[in-house]
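**Student:** So the sequence shown is numbered by this note's numbering: it starts at 246 and just counts up by one.
A virtual CB, placed ideally from N, CA and C, is assigned to each residue, including glycine.
Here it is, the structure in full.
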Amino acid sequence: LGDRTIGALIVFFPHNRHFTEQQIELTYALAQQVTLAIQLTRLAEEAKQAAIAREQEKAAQERAAELAKANEVLARTSSRLAEQPDLSGFLGHIMLEAVAQIGADGGHLTTYDPQQEMISTAVLVEQGKVISSLDFPPDMPISEVGFIQLIRETRQLRYFDLEANFEQDSHLLWQDVGEHHKRRDHVVGIAIPLFIGDEFLGHFGLAFTSKKIINEQNIELLQVLANQAALAIQLTRLAEEAKQAAIAREQEKAAQERAAELVKANEALKRTVSKLSEQPELDAFLNHVLTEAAEQIGACSNALFLYNAATHTLSMHAICLHGQIADILTDSRLEPYREPIPADISPAWRQICETGWVVAHETDGTDPNSHPQSPSFHRAMGHETVVAVPLVVGGRTIGFMAPCFREWIDPNPEKIELVQSLAHQATLALELTRLAEEAKQAAIAREQEKAAQERAAELVKANEALKRSLNQLANDRNLESFLERILQEAIQTLDGAAAQLFLYDAKTHTISPSLGVDKDSIIRPEPGLVSGLPIGQPFSADVTGAWQRLLGQRSPIYFDIERDSADHWPGAIEFHRSRGEYGSVCTALMLGDQPLGILGLAFHNRTQFKASEFEFFQALAQQATLAIQLTQLAEEAKQVAVLEERNRMAREIHDTIAQGLAGILIQLQAAEDTDLTDAGDRQAHIAQARHLAAASLAEARRSVRALRPQVLEETNLAGALTSLMRDLTSNTELQVTYRVQGTPYVLSTEIETNLLRIAQEAMNNILKHAEATHIQIELNYRPDHVQLQIQDNGQGFDYDQLTHLETSKKGYGLISMQERSQQIGGNLTIASQPGEGTVLTIVVPLTL
């Protein structure tokens, strides 16, 4: 009752059983009804005693006058309670009546707060009126007021001899109360405890300036007034439902009807809660709430609107039309509500948010709260009245429920209360769904953040290990030391026992052990067998299915010596057991689609691995693959070094001496031309041939000394190309256009030499085969590359057909240009068609 427990409702069952949340809620509702009935019985008993007192008027003629007097007082106080619901005003009136009827000189009334255990002065009466006195303490702990503790324990009216208490029992009085009574010459006091049931509410006190005997009738009157005061205090403390029940104690019939309404409401609430437990899908539950609410209050339709704060709009979320849930998107009747509605389109939404209550409006268009498009819709549906019930959570209005009726109604409070209860359920479901989604997203975010942090830590650890191994490669060019470092990093980072490299020979399809490392030493392969395992000699890759599994998966695989015994090589299981190892992780070393070997890591007790650990292991395998490939490439480089040097010398001879001899031959043939009649021209050709012979001799000597072209010793590439054009086209009718783009900068000796030789080969090919009349040469210096382009207007050739010929038939000049381009990392392209001339372009990227 309020915050006080007055008993318990206990239901016994013959067997243990499980109770649903709905059954518990129903039992709780029944307990509240029993509580109400008990309180009504108590209040009725008090009224009954008063009625008995009135009915005994004839039988007690000697008390008639006192009873009449008491009845008048009670009537006045009751009337005062009806007219003046303010508690302090009513208590003041009771105190004034008590002082006047008993003939006291003063009085006061206190209230008790059990939570704080404090006594507070509520009313003080002197000289026939309610006053406030500064010398009368307003609040005091009950432990410091002895006489109040005394009347609370005895629950009886007590007289106090104030004169004696001033001297002997001052500890019983309130702080400063003794001085208060002394100044007013009070000699006798009466204290009456205020109780409702067993609950102490405060006390009722009167003071007299002379010793006075109070008869039994006056004591009874005081007791009745005290009971009225206690009742008023208690009623004020009760919740609204308890107050309504107290006011309705004379309205038993109405209370029964109310109880029936509550039962009906409880049934409706139980059905909706049961629906939620059976159908957790939010929209299905909201549809059920709309249907249930419409049925319970006699509405023909019911709609649910939700508010979007971001767009300040209202959207119809669901609607029940004449007992059926309608589809807003497909039902043509609902077309006006398919798009969000501005919340300010009418004052209704603002009124709902501000009052937090129900707004009712007619649907004939005359109500200012009507939506502009709603009257036509409601007329078509036969609606006369719409009631808006707000959905409120935490002081925030998130929408409203709108039941519609066929006639104008003044909504019944009980029905509206039921709709509000169902609306609260809908609000709770919406809010719980929103909170659940937020919690879910927050949980996902937390897990993602946690996983990201763990992943970041693992990546940092892996990156440090990879960086150490790469630093090893940068600081120590010994590839075996680098591989040793990779194996050590695998053991340290993944807590392995030993790491081993195996190399694959594709020609013989065999695997042979290479470098190995454990926590204490380096394991180098030695000829012979260890526990049946061929440690120092190659063995077939197909001895088990492990090799094919690794090639097929191309990612690390964990091999357990018990579970995967069939995949272990002969003798490997015994070997691992002898070292206390019970499993290993292996991955194939792949260079594109070419397998190079296996990286294996054995463990003493690990069987579970994270994806990041496998990724790290794979990264180490890729580094090992790179190192092995570099080793093989270095070996191959040694083998081709002699061949490359031979080819280089062949190119040098062809590009220098041979080209010079070809130039000499051309000049001598020109000198022998019978069409030449001018001896000066003939001598010029001979002089040019002599000049070419001297230049070729110098080039031959430079080649022997492995020096760069002589012309590059004297100038840069741009100047060297100028000299080349002048030497090769002198005394010919060939026109040459030469242009340098960009600002020339220093190129490496290798790039300048090869570009000059390519230009020289191209120019000689034009002179010998193209029959061209014009050559255009362009050298372009760009920030990130240098480009050389040579274009002629000669007869051209079918370049595509030439590229499909065997190498021996292509001509050494073309092969030489391609090789020189590759040597400096250039991209050589030749575009030519018969009769359309030729364009040769080479682009060499620069490494900054």
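Have a look at LYS855, TRP594, ARG808, ILE387 and flag the residue whose alpha-carbon is nearest the alpha-carbon of TYR552.
**Tutor:** Taking the sequence shown and counting its residues from 1, one reaches residue 552 at position 307. Ranking the options by Cα distance to TYR552, first place goes to TRP594.
**Student:** Tell me whether the beta-carbon of THR355 lies closer than 8 Å to the beta-carbon of GLY447.
**Tutor:** Within the sequence shown, numbered from 1, the residue matching residue 355 stands at position 110. Within the sequence shown, numbered from 1, the residue matching residue 447 stands at position 202. Yes, the Cβ-Cβ distance between THR355 and GLY447 is below 8 Å.
**Student:** Tell me the rounded alpha-carbon separation between GLU537 and GLY568.
**Tutor:** Here residue 537 corresponds to residue number 292 of the sequence shown, with the count starting at 1. Here residue 568 corresponds to residue number 323 of the sequence shown, with the count starting at 1. For GLU537 and GLY568, the distance between alpha carbons rounds to 9 Å.
**Student:** Within 10 Å of its beta-carbon, does MET1008 have 16 or more other beta-carbons around it, so buried, or fewer, so exposed?
**Tutor:** As a first step, residue 1008 is located in the sequence shown; it is residue number 763 there, counting from the start. Result: buried.
**Student:** Could you give the DSSP three-state label for TYR803: helix, strand or coil?
**Tutor:** Residue mapping note: residue 803 aligns to position 558 of the sequence shown, counting from 1. TYR803 falls in the strand class under three-state DSSP.
**Student:** Please report the Cβ distance between LEU878 and PRO840, rounded to the nearest whole angstrom; I am assuming they are in contact, meaning their Cβ atoms lie under 8 Å.
**Tutor:** Your numbering for residue 878 matches position 633 in the sequence shown. Your numbering for residue 840 matches position 595 in the sequence shown. Contact flag wrong, Cβ pair sits at about 16 Å.
**Student:** Of all the options ASN463, SER1077, GLU1016, THR1018, which has the alpha carbon lying nearest to the alpha carbon of ASP1045?
**Tutor:** Taking the first residue of the sequence shown as 1, we reach residue 1045 at position 800. The option with the nearest alpha carbon to ASP1045 is SER1077.
**Student:** Just tell me which of THR558, THR600, CYS598, GLN596 has its CA closest to the CA of TYR582.
**Tutor:** One-based indexing of the sequence shown puts residue 582 at position 337. Of THR558, THR600, CYS598, GLN596, the residue nearest in Cα terms is THR558.
**Student:** Tell me whether the beta-carbon of LYS457 lies closer than 8 Å to the beta-carbon of VAL422.
**Tutor:** Stepping through the sequence shown from its first residue, residue 457 is reached at position 212. Stepping through the sequence shown from its first residue, residue 422 is reached at position 177. In this structure, VAL422 does not lie closer than 8 Å to LYS457 by Cβ.
**Student:** Go ahead and label GLY348 buried or exposed: buried means 16 or more other beta carbons lie within 10 angstroms of its beta carbon, across all protein chains shown.
**Tutor:** On the sequence shown, position 103 is the one that residue 348 refers to. Per the 10 Å Cβ criterion, exposed.
**Student:** Around the C-beta of MET894, are 16 or more other C-beta atoms found within 10 angstroms, so that it is buried, or is it exposed?
**Tutor:** Residue numbering aside, residue 894 sits at position 649 when the sequence shown is read from its first letter. Exposed, by the Cβ-count rule.
**Student:** Would the segment 798–810 count as touching the segment 743–759 if we require 3 or more Cβ pairs under 8 Å?
**Tutor:** Contact fails: fewer than three Cβ-Cβ distances are below 8 Å.
**Student:** Measuring only the C-alpha atoms, how far is ILE1022 from TYR983?
**Tutor:** The residue given as residue 1022 occupies position 777 in the sequence shown. The residue given as residue 983 occupies position 738 in the sequence shown. One C-alpha to the other measures close to 5 Å.
**Student:** Using C-beta distances below 7 Å, list every residue in its chain close to THR265, excluding the 5 sequence neighbours before and after it, in chain order.
**Tutor:** In the sequence shown, counting from the first residue as 1, residue 265 sits at position 20. Closer than 7 Å at the Cβ level, and outside the excluded window around THR265, lies no residue.
**Student:** Got a sec? Which residues, its chain only, sit under 6 Å from GLN501 by beta carbon, not counting five neighbours each side?
**Tutor:** As a working mapping, residue 501 is identified with position 256 in the sequence shown. Any answer about GLN501 is weak, because its pLDDT of 49 lies below 50 and its placement is not dependable; what the coordinates show is given next. The answer is none, since no qualifying residue turns up.
**Student:** When you compare only the Cα positions, how much space is there between GLU729 and ASP1029?
**Tutor:** Here residue 729 refers to the residue found at position 484 when the sequence shown is read from its first residue. Here residue 1029 refers to the residue found at position 784 when the sequence shown is read from its first residue. Those two C-alpha atoms are separated by around 38 Å.
**Student:** Using 8 Å as the Cβ pair cut-off and three pairs as the minimum, do the segment 424–440 and the segment 395–411 touch?
**Tutor:** Yes: at least three Cβ pairs fall under 8 Å.
**Student:** What number of angstroms, rounded off, separates the C-alpha of ILE731 from the C-alpha of PHE854?
**Tutor:** If you number the sequence shown from 1, residue 731 lands on position 486. If you number the sequence shown from 1, residue 854 lands on position 609. Near 19 Å, if we compare the C-alpha coordinates of PHE854 and ILE731.
**Student:** Output needed for ALA751: all residues of its chain with C-beta closer than 7 Å, excluding positions within five of it in sequence on either side, in chain order.
**Tutor:** Translated into the one-based positions of the sequence shown, residue 751 becomes position 506. No residues qualify anywhere along the chain.
**Student:** Mapping DSSP to helix, strand and coil, what is THR1018?
**Tutor:** Along the sequence shown, read from residue 1 onward, the residue named residue 1018 stands at position 773. In this structure, THR1018 counts as coil in the three-state DSSP scheme.
**Student:** Would DSSP call ALA571 helix, strand or coil?
**Tutor:** Within the sequence shown, the letter at position 326 stands for residue 571. It is coil, neither helix nor strand.
**Student:** For SER914, report the span of its alpha helix (DSSP H) as first-last.
**Tutor:** By 1-based counting over the sequence shown, the position of residue 914 is 669. Looking at the sequence itself, residue 914 is Gln, so the reference to Ser does not match. Unbroken alpha helix (DSSP H) run through GLN914: 904–916.
**Student:** With H, G and I counted as helix, E and B as strand and the rest as coil, what does DSSP make of ASN892?
**Tutor:** One-based indexing of the sequence shown puts residue 892 at position 647. ASN892: helix per DSSP, three-state reduction.
**Student:** Note down the Cα distance separating TRP653 from THR630, rounded to an integer number of angstroms.
**Tutor:** One-based indexing of the sequence shown puts residue 653 at position 408. One-based indexing of the sequence shown puts residue 630 at position 385. Approximately 5 Å, taken between the alpha carbons.
**Student:** Rounded to whole angstroms, how far is the Cβ of LEU1012 from the Cβ of LEU973, which I believe are closer than 8 Å?
**Tutor:** Taking the first residue of the sequence shown as 1, we reach residue 1012 at position 767. Taking the first residue of the sequence shown as 1, we reach residue 973 at position 728. Contact flag correct, Cβ pair sits at about 6 Å.
**Student:** Please identify the residue among GLY1070, ALA866, GLU584 whose C-alpha is closest to the C-alpha of GLN618.
**Tutor:** For this step, residue 618 is matched to residue 373 along the sequence shown. The shortest Cα separation from GLN618 among GLY1070, ALA866, GLU584 belongs to GLU584.
**Student:** By alpha-carbon positions, which one of GLN541, ALA687, PRO783, CYS565 ends up nearest to GLN665?
**Tutor:** Start at 1 with the first residue of the sequence shown, and residue 665 comes out as number 420. Selected option, being the one with the closest Cα: GLN541.
**Student:** Would you mind stating whether GLY828 and PHE859 have Cβ atoms separated by less than 8 Å?
**Tutor:** Position 583 of the sequence shown, counted from the start, is the residue given in the question as residue 828. Position 614 of the sequence shown, counted from the start, is the residue given in the question as residue 859. No, Cβ-Cβ distance for GLY828 and PHE859 is not below 8 Å.
**Student:** Would you kindly work out how many angstroms separate the C-alpha atoms of GLY908 and ASN1038, rounded to a whole number?
**Tutor:** Your numbering for residue 908 matches position 663 in the sequence shown. Your numbering for residue 1038 matches position 793 in the sequence shown. Near 21 Å, if we compare the C-alpha coordinates of ASN1038 and GLY908.
**Student:** Opposite LEU402 in the DSSP bridges: which residues?
**Tutor:** By 1-based counting over the sequence shown, the position of residue 402 is 157. Paired residue(s): none; LEU402 is not in a bridge.
**Student:** In terms of residues, what are the limits of the alpha helix (DSSP H) holding ARG641?
**Tutor:** Translated into the one-based positions of the sequence shown, residue 641 becomes position 396. No alpha helix (DSSP H) contains ARG641, which is instead part of the beta strand (DSSP E) from 641–650.
**Student:** How many angstroms separate the CA atom of HIS930 from the CA atom of ALA940?
**Tutor:** As a first step, residue 930 must be located in the sequence shown, where it is residue number 685. As a first step, residue 940 must be located in the sequence shown, where it is residue number 695. One C-alpha to the other measures close to 15 Å.
**Student:** Might you give, ordered along the chain, the residues of its own chain that have their beta carbon closer than 6 Å to the beta carbon of MET340, omitting 5 neighbours on each side?
**Tutor:** As a first step, residue 340 is located in the sequence shown; it is residue number 95 there, counting from the start. Closer than 6 Å at the Cβ level, and outside the excluded window around MET340, lie GLY352, LEU354, VAL368, VAL370.
**Student:** In chain order, what residues of the same chain lie with their CB nearer than 6 Å to the CB of ALA791, ignoring the 5 residues before and after it?
**Tutor:** By 1-based counting over the sequence shown, the position of residue 791 is 546. Excluding residues within five positions, the ones whose Cβ falls inside 6 Å are ASP812.
**Student:** Is the distance from the Cβ of PHE645 to the Cβ of PHE550 below 8 Å?
**Tutor:** Within the sequence shown, numbered from 1, the residue matching residue 645 stands at position 400. Within the sequence shown, numbered from 1, the residue matching residue 550 stands at position 305. The answer is yes: Cβ separation under 8 Å.
**Student:** Per DSSP, ASP838 is paired with what?
**Tutor:** Walking along the sequence shown from the start, residue 838 turns up at place 593. Answer is none; ASP838 lacks a bridge partner.
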